[in-house]
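Residue numbers (our numbering): 7 to 82.
Beta carbons: idealized from backbone N, C-alpha and C, even for Gly.
Here is the structure we will look at, set down as structure tokens.
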């Protein structure tokens, strides 16, 4: 996982990598032996495998539940 994060940082720092086509970036990631999840993201735009590799969990909180819908009190 450390290598994956380092590769993501390198891509973020290097403008030529950030703007590279998916094909060019895919070839580069193959030569650097990037993780399968990172290669899948670049090649197909699917981040599911990379999220699993990194242990990321999607969290969704509905805004209405958090606020209690106090908007009506502002109109009175």
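Helix, strand or coil: which one does DSSP assign to residue i?
i, result
"residue 35", "helix"
"residue 64", "coil"
If you measure between the beta carbons of residue i and residue j, is that distance less than 8 Å?
i, j, result
"residue 59", "residue 32", "no"
"residue 18", "residue 25", "no"
List the whole-angstrom C-beta distance separating residue i from residue j, where the pair is believed to meet the contact cut-off of C-beta under 8 Å.
i, j, result
"residue 46", "residue 34", "Incorrect: roughly 15 Å between the Cβ atoms, too far for contact."
"residue 44", "residue 10", "5 Å"
"residue 38", "residue 13", "7 Å"
For the alpha helix (DSSP H) containing residue i, name the first residue and the last one.
i, result
"residue 16", "8–19"
"residue 26", "Where residue 26 is concerned, there is no enclosing alpha helix (DSSP H), given that its DSSP letter is neither H nor E."
For residue i, decide whether its Cβ has a neighbour in chain D, counting only Cβ atoms nearer than 8 Å.
i, result
"residue 19", "Absent from the structure is chain D; it holds one protein chain and no more."
key: Uninterrupted beta strand (DSSP E) stretches inside the segment 38–62 (no shorter than 3 residues)   = Those beta strand (DSSP E) runs which fall completely within the segment 38–62 and span 3+ residues do not exist here.
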